[in-house]
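Asker:
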Amino acid sequence: MAWFGRFDMRGSGRTASSRLRLILASDQADCPSELIQSLREDMIGVISRYMEVEKDQVQLRMEPRLSETGTSRRLAVLYANIPVRSIPNKGIY
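For the sequence shown, the numbering used here assigns the number 37 to the initial residue and increments by one for each residue that follows.
1. So what's V82 in DSSP terms, helix, strand or just coil?
2. Look up R122 in the DSSP assignment and give the residues it is bridged to.
3. Can you tell me the Cα-Cα spacing of P130 and S74, whole angstroms?
4. Taking the Cβ atom as the reference point for each residue, do P100 and A112 lie within a distance shorter than 8 Å?
5. Quick check on L71: buried or exposed, where buried means 16 or more other Cβ atoms within 10 Å of its Cβ?
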């Protein structure tokens, strides 16, 4: 129904949702949200030099994980979901 389409997230709602995900990810990995936001922006900048990405849909997630070496040391694992719109053939290789 068209009426329900009015409630999809756009603009400020999408931005707020993205910020909330960053805050939750930073809490889980004991990493400041500013660091995750800077990392997100840097990754978008580098990848955008080679392909066109959906910048507003890039998601980063950090999860704590125990080391696989048998020690009790905690690690953080970074997961990135970067939707690629197109990969131009510019002869960059």
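Where a beta carbon is used, it is the ideal one built from N, C-alpha and C, also for glycine. Since the model is a prediction, treat every value here as computed from it, not as a measurement.
Answerer: Taking the geometry as given:
1. Position 46 of the sequence shown, counted from the start, is the residue given in the question as residue 82. In this structure, V82 counts as helix in the three-state DSSP scheme.
2. As a working note, residue 122 is residue 86 in the sequence shown. Before going on, a small fix: residue 122 reads as Ser here, not Arg. Note: S122 sits in a beta bridge opposite E88.
3. The requested residue 130 is not part of the displayed model; the chain covers only 37 to 129.
4. As a position in the sequence shown, residue 100 is number 64, starting the count at 1. As a position in the sequence shown, residue 112 is number 76, starting the count at 1. Yes, the Cβ-Cβ distance between P100 and A112 is below 8 Å.
5. Numbered from 1 along the sequence shown, position 35 holds the residue referred to as residue 71. With fewer than 16 Cβ atoms within 10 Å of its Cβ, L71 is classed as exposed.
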